[in-house]
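Keeping their order, the protein sequence lines are chains R and F. Counting from 1, position 88 in the first sequence corresponds to residue 104 in our numbering; the numbering is continuous, with no gaps. Counting from 1, position 20 in the second sequence corresponds to residue 36 in our numbering; the numbering is continuous, with no gaps.
There are 2 protein chains.
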Amino acid sequence: MTDPKPDTPERPQRATAEMVARIAKVSRVAVSRAFNPDASIKPEKRAHILDVAQTLGYAPDRAARALVTRRSHLVGVIVPDVWSPWESQEIDVLTAALQNEGFATLLFKTRTDYSIDPTLLTYMRGFNPDSVIAFTENVRPRTLTKVLDRAVPIYIDYPQTAGDGYWDREDEGLLFDRLNILTRGGIEQAVAMMQGYGARRIAYLSGLSRSLASVAREETLRSIMRERGLPDPVLFPGDFTYDTAYSATLDLFRLGDGADAIFAANDVGAFGIIDALRHELNLRVPEDVMVVGFDDIQQAHWKSYNLTTVKVDIDQRVQALVRLILRRLKNPHVPPMEETIATRLVVRGTVGKRG
Amino acid sequence: MTDPKPDTPERPQRATAEMVARIAKVSRVAVSRAFNPDASIKPEKRAHILDVAQTLGYAPDRAARALVTRRSHLVGVIVPDVWSPWESQEIDVLTAALQNEGFATLLFKTRTDYSIDPTLLTYMRGFNPDSVIAFTENVRPRTLTKVLDRAVPIYIDYPQTAGDGYWDREDEGLLFDRLNILTRGGIEQAVAMMQGYGARRIAYLSGLSRSLASVAREETLRSIMRERGLPDPVLFPGDFTYDTAYSATLDLFRLGDGADAIFAANDVGAFGIIDALRHELNLRVPEDVMVVGFDDIQQAHWKSYNLTTVKVDIDQRVQALVRLILRRLKNPHVPPMEETIATRLVVRGTVGKRG
DNA sequence: TTGACGAATGAACACGTGTTCATTTTACTG
DNA sequence: CAGTAAAATGAACACGTGTTCATTCGTCAA
């Protein structure tokens, strides 16, 4: 109350293009051009301006720039759980790649059941992301584009087998850019290896029931097993989490008929399975039950698990993602494109000789 | 080249306050007021405007708003590894809390050796974060404030014992808001328990050598052990990662003299220790060697590790963080404040009877 | 030297919003 | 009903930048 002024600018004002111009003895427009690679300005003049800007710690205000450019250089990432190993590893690599291209990652959390609060989209819209990457499938692309008109939505984990009406697919092609996982390669190797070691009753621990990623893996698994003359996989329900996988495994072996081998929808689930088998059911892995995961997260090589798993190459995925984003940002009118990442089996210690 | 126009506005223009005003038959200023809780506007008028805005999917453009308000509602988070379990779990909770308050998390990655690229600060500055949370200590607060003049920097993992000159501390108090961990409580319980089970030679696996968090834990450990008449802890160097912990443990037992118990600077390091002991050195945990971690990350309760560890309550930390941020944003001139989070031991299975 | 042409320059405008301030309307008191 | 204070309104300006367009500068050939 007795303060002299509520808004006393004690700290030095942030450097602005105007200030740089004044000190460098040039016009403000020249400063703008110095920071815009395509603008025409005499090289030595640009160098001088950048030099002055450097000493002043000046960088163009992205808010002001966004206002006129219509480019925020922000990429929104929608994710249920940041701490989930696979997602966090992908966000890590993605953030590095985006940072390299002059973008920054903007994080938004959805409910953990992978559903999106409708108000979240409007909320997100206020930040004007140039692109949106949804780590969840429970929002229809059309809904996204309706709200985020200026943003470029990209969907990942989009299974190839799930185009049957649920998703917006026009007759002549795609409506949106997509990034797919070609699950077949890795799963085929996994089944071959398990079968080679004598597994016949193979169970599948699913992810969240409505998850398209989980469904795609399940269908691929079943189709491969049929081709190889194996009985259909025993299905038991998970939700991508350790705890659920743990108790589901107990149910499978105590209430159900067990299995020779288990294929999990993701690595974390596989960890839950392994721990339930070893520490609660007194079964050996792989001698009594083989386990295969999906993702190949960092933790998969930890010695306690040493998990044989289907690897999805994160670097490849992120490169493809960034490629898609930049392509569409450069020209919003190019037709939607779809990139596909292959998978392969990483052999460690959870598949092996029986007995 | 033959395209009609490069800028054809095919998709509907994003709704603006102007459009809302026109449809709702009010002035644009009224729309602004409707979205500003403190502004004075007739309640039914506001309701009507918000209603129209709702159907148009309108939300105020934060870039434009930031330009005049000087508030971007962005909180920058500087972190070396997003996927690192502890960091990703804290980012997860923090993002949820910030989202709840109308802010969004902006992610920036530093080099993995925890050092900050000087250009990153200028880069970050362009985005005008209202506040910056640094998950790394290798940047001096003063450097940060120099570049991010408008932002409110907050430091976490700031050890209480490390105020000796390295950090900017004025005689009369703090220069910046801080969040501390009171390591003593949890470590004291851990040492007492290990000693109770007969451990005498206790080793400390450090984090990154220059990490203040690691140094603080080490000093607290040593001081407690001295008070209890134990010999100084054997120090062996880690860097918070699994792999380094693993090989460092092999060195400790093959080249060095081993230990009765090991206290790790973080949980992930403890996992590496446990796996090296069990799977490579054929030692039992806790019967041959006890292990205690620090953090209590989600993975600590996984049955393969079942780690006894010093818990830092993430929810408490995030609540304190958000409190600090909002407080300073509300009034940038309040004196810096320091909050401290207590720790406590979570007892699981890696400390127990010897033999 | 003149002419012409491309490169470089700066004035003015636009982006979408919050805020100030003078003005008008509403509500309440006597 | 008159009078007054409080509440609500709208015009104009500001925020910091990119961009357009008419103008000026520089260069080189004739």
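The beta carbon of each residue, even a glycine, is placed where N, CA and C say it ideally should be. Note that the coordinates shown come from a computational prediction; the quantities given were computed from them, not determined experimentally.
Euclidean distance between Cα positions of residue 256 of chain F and residue 227 of chain F
10 Å
Cα separation between residue 58 of chain F and residue 84 of chain F?
24 Å
Close Cβ partners of residue 65 of chain F (< 7 Å) along its chain, the five nearest in sequence each way excluded
The residues are 36, 40, 42, 46, 47, 50.
Indicate whether the contact test is met: 3 or more Cβ pairs, each with one atom in the segment 214 to 228 of chain F and one in the segment 271 to 283 of chain F, closer than 8 Å.
The answer is yes - the segment 271 to 283 of chain F touches the segment 214 to 228 of chain F, with three or more Cβ pairs under 8 Å.
Helix, strand or coil for residue 307 of chain R per DSSP?
strand
If you reduce the DSSP assignment to three classes, tell me which class residue 213 of chain R lands in.
Assigned with DSSP and collapsed to three states, residue 213 of chain R falls in coil, not helix or strand.
Report the CB separation of residue 123 of chain R from residue 126 of chain F in whole angstroms; it is logged as a contact under 8 Å.
Contact flag wrong, Cβ pair sits at about 17 Å.
Taking 9 Å as the cut-off, decide whether the C-beta atoms of residue 308 of chain R and residue 246 of chain R are in contact.
no
Give, in chain order, every residue of the segment 244 to 263 of chain F whose Cβ lies closer than 7 Å to some Cβ of chain R.
Within the segment 244 to 263 of chain F, the residues whose Cβ lies closer than 7 Å to some Cβ of chain R are 258, listed in chain order.
DSSP state of residue 77 of chain F mapped onto helix, strand, coil
In this structure, DSSP gives residue 77 of chain F a state outside helix and strand, which the three-state scheme calls coil.
Would you mind reading off the limits of the beta strand (DSSP E) that contains residue 220 of chain R?
It spans 218 to 221 - the beta strand (DSSP E) in which residue 220 of chain R sits, taken as one unbroken run.
Could you list which residues in chain F have their beta carbon closer than 9 Å to that of residue 101 of chain R, in chain order?
Within 9 Å Cβ-Cβ: 99, 101, 104, 315.
Excluding the five sequence neighbours on either side, which residues of its own chain have a C-beta within less than 7 Å of the C-beta of residue 199 of chain F, listed in chain order?
Hits under 7 Å: 232, 233, 236, 359.
Helix or strand or just coil, what does DSSP make of residue 373 of chain R?
Examination of residue 373 of chain R is not possible in this model, given that chain R is present from 17 through 371 alone.
Could you tell me the alpha carbon to alpha carbon distance between residue 30 of chain R and residue 137 of chain F, rounded to whole angstroms?
Cα to Cα, the separation comes out at about 14 Å.
Roughly how many angstroms separate the alpha carbons of residue 106 of chain R and residue 339 of chain R, rounded to a whole number?
15 Å
Counting only beta-carbon separations shorter than 9 Å, does residue 48 of chain F have a partner in chain R?
no
Are the C-beta of residue 83 of chain R and some C-beta of chain F separated by less than 9 Å?
True, the Cβ-Cβ gap to chain F drops below 9 Å.
How would you list, in chain order, the residues of chain F whose beta-carbon sits under 7 Å from the beta-carbon of residue 79 of chain R?
79, 82, 83, 88, 144
Any C-beta of chain R sitting closer than 9 Å to the C-beta of residue 292 of chain F?
It does: the Cβ of residue 292 of chain F has a partner Cβ on chain R nearer than 9 Å.
Whole-number beta carbon distance between residue 94 of chain F and residue 55 of chain F, since they are thought to touch under 8 Å:
Their Cβ separation, rounded to whole angstroms, is 35 Å, which puts residue 55 of chain F and residue 94 of chain F out of contact at 8 Å.
Check distances from the C-beta atoms of the segment 107 to 121 of chain R to those of chain F and list, in chain order, the residues that come in under 7 Å.
107, 108, 111, 112, 115, 120, 121
Per the contact definition of three or more C-beta pairs closer than 8 Å, is the segment 139 to 149 of chain F in contact with the segment 337 to 356 of chain F?
Using a C-beta cut-off of 8 Å, the segment 337 to 356 of chain F makes contact with the segment 139 to 149 of chain F, since at least three inter-stretch Cβ pairs fall below that distance.
Could you give the DSSP three-state label for residue 296 of chain R: helix, strand or coil?
Coil, per DSSP.
Find out if the Cβ-Cβ distance for the pair residue 120 of chain R, residue 76 of chain R is shorter than 9 Å.
no
Between the segment 264 to 273 of chain F and the segment 289 to 305 of chain R, are three or more C-beta pairs nearer than 8 Å?
no
Excluding the five sequence neighbours on either side, which residues of its own chain have a C-beta within less than 7 Å of the C-beta of residue 336 of chain R, listed in chain order?
195, 355, 357
Quick one: residues in its chain with C-beta nearer than 6 Å to the C-beta of residue 327 of chain R, no 5 flanking neighbours on either side, listed in chain order?
312, 360, 362
Beta-carbon separation (whole angstroms), residue 244 of chain F vs residue 211 of chain F, contact threshold 8 Å:
6 Å
When you compare only the Cα positions, how much space is there between residue 141 of chain R and residue 109 of chain F?
22 Å
If contacts are defined as beta-carbon pairs under 8 Å, then residue 286 of chain F and residue 217 of chain F qualify, I think. What distance do you get, rounded to the angstrom?
Contact flag wrong, Cβ pair sits at about 17 Å.
Around the Cβ of residue 371 of chain F, are there at least 16 other Cβ atoms within 10 angstroms (buried) or fewer (exposed)?
exposed
Should residue 364 of chain R be flagged as near chain F, meaning a C-beta pair shorter than 9 Å?
no
Which stretch, first to last residue, makes up the alpha helix (DSSP H) that contains residue 267 of chain F?
258 to 270
Mind listing which residues of the segment 342 to 360 of chain R have their C-beta closer than 7 Å to chain F's C-betas, in chain order?
none
Kindly indicate which residue of R:214, R:89, R:320 has the alpha-carbon position closest to the one of residue 5 of chain F.
For chain F, the structure presents residues 17 to 371; residue 5 of chain F sits outside this window and is missing.
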